[in-house]
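Peer 1: A single structure is presented below for examination.
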Amino acid sequence: MATIVVHGQTSPVQDAEALHLAFKGWGADNKAIVAILGHRNVHQRQQIRKAYEELFEEDLIKRLESEISGDFERAVYRWMLEPADRDAVLINVAIRNGSKNYHVVAEIASVLSAKELLAVRHAYHNRHKRSIEEDVSANTTGHLRQLLVGLVSSFRYEGDEINAKLAQIEANVIHESVKEKKGNNEEEVIRILTTRSKTQLVATFNRYRDEHGISISKKLLDQTSDDFHKTLHTAIRCINDHKKYYEKVLRNAIKKFGTDEDGLTRVIVTRAEKDLRDIKELYYKRNSVHLEDAVSKEISGDYKKFILTLLGKQD
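Here's what the structure looks like:
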């Protein structure tokens, strides 16, 4: 379930005019920006952007970029984009980032449905005039390249059918690959993870746990020192239970020495209109503290106000 509190009876023109007024004078009225954009769903935000351009002959997103800054600007910018375009931006940033956040690419490709991922590939192509596969291939090598290209180009079957015998066979294939620190079945594991339906993969993961008394993701934990195994670990966790995965991303973002604002923003902005309420509940069960309270202690200013608004906290 979503967390944002949407104000239904709104006028895109009035919102656009109010935002334009918020940009007047010395410094933007950030409170007004949060009050408007933090309570509008994706359809309403796109209508506001269209109305703003028609009224004032400029792109609202570009105006926001010039009026606000820092983590607040980054969060608002990503919130204003349509979901597919936002994911395209996140993938591009992850690929170009100096630390090469390949796990973000795997996260997005593994969580989205086949149609959603296809929309992201179109958005990426329109924005960057290149394919995701092209940029991933140019920045990776070996098994990491094979895994990421396979994940971003996958168009999985989304039915509920399960082949129990196949799950058994492929659980054994994966076990053979991960039981030693240097496996020799990486290409088979990549094939399995990038071609099977998520339902079939979950059956395989369950079979692995039943056979070996440990989940695949936990077994991989001691092998996540290289980019390939880190990315493999992310893909498996996202396919198996993306809500638990996102809860851990939030937990790690908050517990790190110096908050990981990028990770915090990514999860909250991308899930606020989908299932962030469920992720919040998981966070509370795991940490015995409400996510809003944990966030409040770690961040500040207008960024804090905006993130808390997306989390559903009322003024």
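My numbering applies: residue 12 is where the sequence shown begins, and numbers increase by one.
Virtual Cβ for every residue (Gly too), placed ideally from N, Cα, C.
1. Look at the alpha carbon of Asp313 and the alpha carbon of Ile279, and state the distance between them as a whole number of angstroms.
2. Only counting the same chain, and skipping five residues up and downstream in sequence, which positions put a Cβ closer than 7 Å to that of Tyr171?
3. Could you check if His240 is buried or exposed, using at least 16 other CB atoms within 10 Å of its CB as the buried criterion?
4. Check each candidate in Glu198, Leu30, Glu258 and Ser208 and name the one with the smallest Cα separation from Arg297.
5. Let me confirm a value: Ala175 is counted as buried when at least 16 other C-beta atoms fall within 10 Å, else exposed. Which label applies?
6. If we call anything under 8 Å between Cβ atoms a contact, is Glu197 one with His244?
7. Pull up the CB-CB distance for Glu303 and Ala13, whole angstroms please, since I reckon it's below 8 Å.
8. Just to confirm, is the Cβ distance from Cys249 to Ser121 under 8 Å?
9. Could you spell out where the alpha helix (DSSP H) holding His327 opens and where it closes?
10. Does the pairing of the region 54–73 with the region 83–97 give three or more beta-carbon distances under 8 Å?
11. Hey, could you find the ends of the alpha helix (DSSP H) Phe83 is sitting in?
12. Taking DSSP as the reference, what is the three-state secondary structure of Gln325?
13. So Ala182 packs on Tyr219, CB below 8 Å; how close in whole Å?
14. Quick one: measure Cβ to Cβ for Val163 and Ile143, integer angstroms, because I've assumed they're closer than 8 Å.
15. Short check: CB of Thr242 to CB of Ala117, under 8 Å?
16. Since Ile180 contacts Val200 with CB under 8 Å, what's their CB separation in whole angstroms?
17. Taking all protein chains shown into account, decide if Asn108 is buried (16 or more other Cβ within 10 angstroms of its Cβ) or exposed.
18. Counting C-beta neighbours from all protein chains within 10 Å, is the total for Asp238 16 or more, i.e. buried, or is it exposed?
19. What are the start and end residues of the alpha helix (DSSP H) that includes His240?
20. Quick one: Cα of Arg51 to Cα of Ala33, how far?
21. Name the residue from Gln58, Glu309, Glu292 and Ala99 whose alpha carbon lies nearest to the alpha carbon of Asp271.
22. Look at Lys316 and Val45 and say whether their C-beta atoms are less than 8 Å apart.
23. Have a look at Tyr294, Arg167 and Ser148 and flag the residue whose alpha-carbon is nearest the alpha-carbon of Val160.
24. Under a three-way DSSP split, which group does Asp286 fall into?
25. Please tell me whether Ile173 and Ala214 are closer than 8 Å, where the distance is taken between their beta carbons.
26. DSSP three-state call for Glu172: helix, strand or coil?
27. Under 7 Å Cβ to Cβ from Asp286, same chain only, skipping five residues before and after it: list those, please.
28. Whole angstroms is fine: what's the gap from Gly19's alpha carbon to Glu127's?
29. Is it buried or exposed, Gln25, if we count other Cβ atoms within 10 angstroms and call 16 or more buried?
30. Going by alpha carbons, who is nearest to Arg156 out of Ala27, Ile79 and Arg202?
Peer 2: According to the structure data:
1. When rounded, the distance between both Cα atoms is 15 Å.
2. Residue identity differs from the one stated: residue 171 is Asp in this sequence, not Tyr. Hits under 7 Å: Thr210.
3. Around the beta carbon of His240, 16 or more other beta carbons lie within 10 angstroms, which makes this residue buried.
4. Looking at the Cα atoms, Glu258 is the closest of the given residues.
5. Exposed: under 16 other Cβ atoms inside 10 Å.
6. Against a cut-off of 8 Å, the Cβ pair of His244 and Glu197 comes out as no contact.
7. With a contact defined as Cβ atoms closer than 8 Å, Glu303 and Ala13 miss out at about 15 Å.
8. Going by beta carbons, Cys249 and Ser121 fall inside the 8 Å limit.
9. As displayed, the chain neither begins before 12 nor continues past 326, which places residue 327 out of reach and without an answer.
10. Yes, the region 54–73 touches the region 83–97.
11. Annotation: the continuous alpha helix (DSSP H) that includes Phe83 extends over Gly81 to Met91.
12. Coil.
13. Between Ala182 and Tyr219 the beta-carbon gap is near 4 Å, inside 8 Å, which marks them as a contact.
14. The Cβ separation is near 5 Å, so the contact holds.
15. Yes, Cβ-Cβ distance for Thr242 and Ala117 is below 8 Å.
16. Not really, about 13 Å apart at Cβ, beyond 8 Å.
17. Taking a 10 Å sphere around the C-beta of Asn108, we find fewer than 16 other C-beta atoms and assign the residue as exposed.
18. Asp238 should be labelled buried.
19. According to the DSSP assignment, His240 belongs to the alpha helix (DSSP H) that extends over Asp238 to Lys266.
20. Rounded to whole angstroms, Arg51 to Ala33 spans 17 Å at the Cα level.
21. Scanning Gln58, Glu309, Glu292 and Ala99 for the CA closest to the CA of Asp271 turns up Glu309.
22. Yes, these two residues count as a Cβ contact at 8 Å.
23. With distances taken between CA atoms, Val160 lies nearest to Ser148 out of Tyr294, Arg167 and Ser148.
24. Assignment of Asp286 by DSSP, reduced to helix, strand and coil, places it in the coil class.
25. Contact: yes.
26. Three-state result, Glu172: coil.
27. Within the same chain, Asp286 has close Cβ partners Met12 and Lys254.
28. Here the alpha carbon of Gly19 sits roughly 26 Å from the alpha carbon of Glu127.
29. By the beta-carbon neighbour count (other beta carbons within 10 angstroms, threshold 16), Gln25 is exposed.
30. Arg202 is the residue among Ala27, Ile79 and Arg202 whose C-alpha sits nearest the C-alpha of Arg156.
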